[in-house]
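In the working numbering, the protein residues as written are 77 to 333.
For every residue, glycine included, the Cβ atom is placed at its ideal position computed from N, Cα and C.
Report on the following structure.
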């Protein structure tokens with residue numbers, strides 16, 4: 077496929093209950109059958125806390141690699157606490173777990189970043205780590221504002237840490253924070269290294285994640301503003317009644333979009 081982009085499937089796309097019940101291995105296999113290049117492991121979907129133990133993660137990572145997939149390790153933890161301090165313990169735990177899995181990316185929420193990135197401390201934690209740290213825009217105002225992300229990358233650049241970390245750009249999450257995804261794409265494109273592909277439907281408390289239509293011009297405009305080679309993760313719900321067919325179709329579409 078000419079100019080195809082790598083596509084990963086996020087475990088939650090198969091349904092939270094399905095992943096907690098059957099485990100990540102089953103859905104990594106489903107991702108491979110659908111033609112995906114990667115698979116995102118979600119820490120919050122482990123059936124037991126013991127699933128995050130190093131030996132369990134190493135086993136899961138070996139299974140994913142044997143399928144020919146690369147992995148993302150996603151944790152709901154935030155890089156910064158609510159009062160703007162670096163959460164060094166959360167970062168260390170995420171890095172250790174991602175290393176055990178053998179992940180390409182380790183993804184955290186941004187959290188309460190204000191104006192002090194503490195780049196030296198992050199760099200110290202990342203020293204020797206064979207995994208790329210990315211922070212994601214969330215659905216809450218704290219950790220989901222465009223101003224925060226612009227400020228974070230400006231601060232890191234100013235302090236000599238321009239390449240310290242990257243961004244997971246979640247197209248749909250901006251809607252929860254009242255930000256136009258295209259505006260965010262224009263401002264943050266240089267820092268985006270991984271994408272979560274979905275859009276938001278509904279309004280207010282009734283807003284929910286869904287798949288973009290193949291002819292969704294606004295979604296297409298966002299893709300056009302972001303780097304073409306950035307891997308794209310399917311994070312919208314797949315059709316539970318036809319998982320394989322839907323996943324296969326969506327992977328092929330997103331790879332070529």
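Within the continuous alpha helix (DSSP H) that includes residue i, where are the two ends?
i, result
"residue 99", "Taken as a continuous stretch (DSSP letters only), residue 99 belongs to no alpha helix (DSSP H), as it is neither H nor E."
"residue 131", "130-142"
"residue 200", "195-202"
"residue 259", "257-264"
"residue 295", "293-301"
So residue i and residue j are supposed to be a Cβ contact under 8 Å. How far apart are they, rounded?
i, j, result
"residue 139", "residue 101", "5 Å"
"residue 133", "residue 177", "5 Å"
"residue 136", "residue 108", "At roughly 14 Å, the Cβ-Cβ gap does not stay under 8 Å, so residue 136 and residue 108 are not in contact."
"residue 237", "residue 199", "6 Å"
"residue 153", "residue 166", "4 Å"
"residue 253", "residue 278", "Actually they do not touch by this definition, with Cβ atoms about 15 Å apart."
"residue 265", "residue 301", "6 Å"
Counting along the chain, where does the beta strand (DSSP E) carrying residue i start and finish?
i, result
"residue 276", "275-277"
"residue 308", "308-310"
"residue 218", "Taken as a continuous stretch (DSSP letters only), residue 218 belongs to no beta strand (DSSP E), as it is neither H nor E."
"residue 146", "146-156"
"residue 284", "284-286"
"residue 186", "181-187"
"residue 84", "83-86"
"residue 168", "It is not in any beta strand (DSSP E) - residue 168 instead sits in the alpha helix (DSSP H) that spans 164-177."
"residue 327", "Element bounds for residue 327: not the beta strand (DSSP E) but the alpha helix (DSSP H), 319-332."
"residue 116", "114-118"
Hey, residue i and residue j: beta-carbon distance below 8 Å or not?
i, j, result
"residue 353", "residue 331", "Lying before the first or after the last residue shown, residue 353 is absent from the chain, which here runs from 77 to 333."
"residue 260", "residue 222", "yes"
"residue 289", "residue 283", "no"
"residue 336", "residue 157", "Given that the chain is displayed from residue 77 to residue 333, the structure contains no residue 336 and the question cannot be resolved."
"residue 112", "residue 83", "yes"
"residue 129", "residue 115", "no"
"residue 340", "residue 98", "There is no way to answer for residue 340, as the model of the chain reaches only from 77 to 333."
"residue 213", "residue 159", "no"
"residue 189", "residue 207", "no"
"residue 170", "residue 121", "no"
"residue 324", "residue 141", "no"
"residue 333", "residue 296", "yes"
Find the nearest neighbour of residue i within the set the options, judged by alpha-carbon distance.
i, options, result
"residue 402", "153, 121, 233, 211", "Here the chain covers residues 77 to 333 and nothing more, so residue 402 does not appear."
"residue 210", "267, 86, 323", "267"
"residue 227", "193, 112, 216", "193"
"residue 148", "131, 179, 167, 264", "179"
"residue 248", "119, 110, 287", "287"
"residue 229", "319, 293, 263", "263"
"residue 285", "250, 304, 299, 298", "250"
"residue 318", "86, 215, 91", "91"
"residue 255", "216, 242, 291", "216"
"residue 124", "299, 224, 168, 95", "95"
"residue 240", "205, 291, 333, 304", "205"
"residue 235", "244, 257, 218, 191", "191"
"residue 299", "258, 242, 243", "258"
"residue 183", "242, 305, 224, 131", "242"
"residue 291", "231, 143, 322, 329", "329"
"residue 79", "231, 93, 225, 303", "303"
"residue 172", "315, 143, 119, 218", "119"
Note to self: With three or more C-beta pairs closer than 8 Å as the rule, is the segment 261-273 touching the segment 303-314?
What the structure shows: yes
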